[in-house]
Structure formats: structure tokens, C-alpha cells
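A.B. asks:
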Amino acid sequence: AFFLFIIPVASAQNNYTICDAYTQLEKAAPCGSKGYALDYGLPICKAFIDNEPEFNDKGKAFLDCVRPCLANFVSVNITAGITNCTEIKDDAFSSHVPCYEQCNFC
């Protein structure tokens, strides 16, 4: 007997490349499971990707804009050599509002 299993493309082939910034941040400044990169940034980035099919066109456009914007702020922290976990978390969260505004969230 031959069985054909069809796996939905969205769940089988999600591309988390944009989320690599959070992994790189954790490598550059290890803050552990309670740090911004692993506790918030990486899981939320992946959740945005996993749930993107559920968004309408405006929501998808927002996600396409906000993911690289937020990842850029993370990359700036890496380049600047910021290693204080509290400072990383504060800087990252302070980047959310400007990115959301830039990407027409409101």
C-alpha cells in the first residue's frame, strides 16, 4: 500500500531567517532563558511567522515591515557591543513603538 501525506506548506517550511538576529544577540550577550532574546524576541518573531497566514493583507504588510525593523534594532545592539541584559531588554522594548509607528500599526 502506498500512502501520500500532504503537509501544509506554512507549517512545514516556515523560514525563520529573520529571527536569527535574536539568536545572534544571545550569542553576543548571553542573558539566558529570561533574557530578551530567548524569552521574548525569538518566540514572538517565530509566532509572527507561524501565524502570518491568519492575517489580512494589511496585517501581513505590517509584519513584513516590523520584523526587519525590530531585527535591525537587535543588530545595532550587537554591533554596539551592549552586553548588559537589562540595557538590552530596555533598548529592545523601546524600539517597538518606533517600529510599530514606522510600519503604520496605528
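To get the numbering used here, take the position in the sequence shown, counting from 1, and add 24. Quick reminder that beta carbons are idealized off the backbone N, C-alpha and C, glycines included.
Taking Cβ positions, are Gly65 and Ala116 nearer each other than 9 angstroms?
C.D. replies: Their beta carbons are under 9 angstroms apart, which means Gly65 touches Ala116 by this criterion.
A.B. asks: In the DSSP assignment, find the unbroken alpha helix (DSSP H) run with Cys89 in it and report its ends.
C.D. replies: Element bounds for Cys89: 81-104.
A.B. asks: Mind checking Glu125: buried by the 16 CB within 10 Å criterion, or exposed?
C.D. replies: Its Cβ having fewer than 16 others within 10 Å, Glu125 is exposed.
A.B. asks: If I follow the unbroken alpha helix (DSSP H) through Lys113, where does it start and stop?
C.D. replies: Lys113 -> alpha helix (DSSP H) spans 109-126.
A.B. asks: Nearest by alpha-carbon distance to Phe97: which of Lys58, Tyr46, Thr110 is it?
C.D. replies: If we check each option's Cα against that of Phe97, Tyr46 comes out closest.
A.B. asks: Which two residues bound the contiguous alpha helix (DSSP H) that contains Asn75?
C.D. replies: Residues 66-75.
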